[in-house]
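Numbering (full-length UniProt numbering), first residue to last: 1 to 283. Cβ atoms here follow ideal geometry from the backbone N, Cα and C, with glycine treated the same way. Remember, it's a predicted structure, so these values are computed and weren't measured experimentally. Here the structure is laid out as structure tokens; the discussion comes afterwards.
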Amino acid sequence: MSSQKNVAELYGYSISKDIDWSELFNSQQCSYINRKCVKNRKSEPKKTIGTCSVTYGKENNNVIICPHRLLERKQIFTDCIHLLNLHEPGNELHIVPEVGIPGGSVDYFLVSVRHNKVKDFVGIELQTLDTTGTVWPFRQRFVNSKGIEVHSLDLESKKPFGMNWKMTAKTILVQMHHKLGTFEHLNKHLVLVIQNHLLDYMKREFSFSHISDTALTGDSLHFHSYVNAMQDGDYRLDLHERKSTNVDGISTCLGLESEAKVELEQIITKLESKISELTRFTL
């Protein structure tokens, strides 16, 4: 079967959905962050790209290219609750974005809180595929198919797009190595949320034979792999595979030495300064 490259989801909706596309392209609202899409075109800052996932590859797979797509139903956070070893009934759950630690910033923390005091936390990093080339002409051709006028150069463009598998995989594994020393030192968990295609690539191209096929609670790093498959006329995220390892395991993948460390109190202070009614985890 030949590859049929195309956009698959825009602003949180499958292109097969029967919705008011004119209104959606006018508002440019992302359904996952409940505000205007944050990915602007460099050449036209007032326009957003809005592409959540694309159709790509010989099997016409759905490939997610925007990390906000992974926020659907907040399922990725629900799937990390079991890693909160100190969470108890009565504690509140909070989702705190963008917390800096040694080695970089972590996308989200799932935090167990009692009386505004942090009792436990899990770090959650999101990684989707980076593209090469441009998806914009494919987006614009779809826009035009809905009766909305677009620039003729976009319709005529033959520019392709591809997936930067190697750089995406290598970069995120190096980042995980930099950050994981901190979590392991604190006896906490760090979760990497990715799509099944990216994990499959990692298993092929890196040394993964030593990484547990059954996720072990005692391991500091957990891989949560999701499929984005069509269900009842729309795409839906579904947990597909879980694996785990530790900082030494990531070092084996990359041939690097372990790094560390920071005191627990520093991270807790940052988390407690950020928790509020706005961060409370609600479904």
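The beta carbon of I268 lies closer than 6 Å to those of V118 in the same chain, with the five residues before and after it left out. In this model, D120 and V111 are separated by some 6 Å (Cα to Cα). Around the beta carbon of H224, a 10 Å sphere encloses 16 or more other beta carbons of the protein chains shown; the residue is thus reported as buried. The region 165–177 makes contact with the region 202–212, as at least three CB pairs between them are under 8 Å. Within the same chain, and ignoring the five residues on either side of K270 in sequence, the residues whose Cβ sits closer than 8 Å to its Cβ are V99, G100. Nearest neighbour of D232 by Cα position, chosen from I33, Y11, S16, turns out to be S16. The region 130–147 and the region 50–65 touch, with no fewer than 3 CB-CB distances between them shorter than 8 Å.
Taking 9 Å as the cut-off, the Cβ atoms of Y32 and D234 do not count as close. Distances from the alpha-carbon of E149 to those of T48, S22, A8, E277 put S22 closest. A contact between stretches requires three or more CB pairs, one per stretch, nearer than 8 Å, and the region 247–254 meets this requirement with the region 172–183. Comparing alpha-carbon positions, the option among H240, D219, S220, L221 lying closest to A229 turns out to be H240.
Taking all protein chains shown into account, G218 has fewer than 16 neighbouring C-beta atoms within 10 Å of its C-beta and is therefore exposed. Under the 10 Å beta carbon count, I81 is surrounded by fewer than 16 other beta carbons and is classified as exposed. When the beta-carbon positions are compared, V135 and I49 come within less than 9 Å of each other. Burial of N196 is indicated by the presence of at least 16 other C-beta atoms within 10 angstroms of its C-beta.
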